[in-house]
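With the first letter of the sequence shown counted as 1, position 11 gets the number 308 in this note's numbering; the numbers rise by one all the way through. Below: one structure, written as structure tokens.
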Amino acid sequence: MTSTDIVIILVMTFPMFLFSIYPGIKVSEYMQDRYNVTEKQKRTIMVSVTFLFALTLSILLYVL
298 MTSTDIVIIL VMTFPMFLFS IYPGIKVSEY MQDRYNVTEK QKRTIMVSVT FLFALTLSIL
358 LYVL
């Protein structure tokens, strides 16, 4: 994998945020209800899940 491939994947990540915000919100709400996390931890979980899900979608679209 070259550096241009990585740049293309990262650029494709931004449109994938549209599809990954909802799962990020749902996962963070589940974690707050189930494990009683704080609001700061909930926001961290939401941003992390959203970015990782968007990155995963971008990699899958690039590879397939």
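Ideal placement from N, C-alpha and C gives every residue a C-beta, glycine not left out.
Practice task
Pick helix, strand or coil for THR299, following the three-state DSSP scheme.
Solution key: Locating residue 299 in the sequence shown gives position 2, counting from the first residue. In this structure, THR299 counts as coil in the three-state DSSP scheme.
Handout entry: Three-pair Cβ contact test at 8 Å for the region 320-333 versus the region 341-358
Key = These segments touch.
Exercise for the section: Report yes if the CB atom of LEU307 is closer than 9 Å to the CB atom of SER355, and no otherwise. Expected result: Locating residue 307 in the sequence shown gives position 10, counting from the first residue. Locating residue 355 in the sequence shown gives position 58, counting from the first residue. Their beta carbons are under 9 Å apart, which means LEU307 touches SER355 by this criterion.
Practice task
Measure from the alpha carbon of SER325 to the alpha carbon of each residue in VAL346, TYR359 and PRO312, then state which is nearest.
Solution key: Start at 1 with the first residue of the sequence shown, and residue 325 comes out as number 28. Residue VAL346 is the option with its Cα nearest to SER325.
Practice task
From the DSSP output, in three-state form, read off THR353 for me.
Solution key: As a working note, residue 353 is residue 56 in the sequence shown. Annotated three-state conformation of THR353 is helix, per DSSP.
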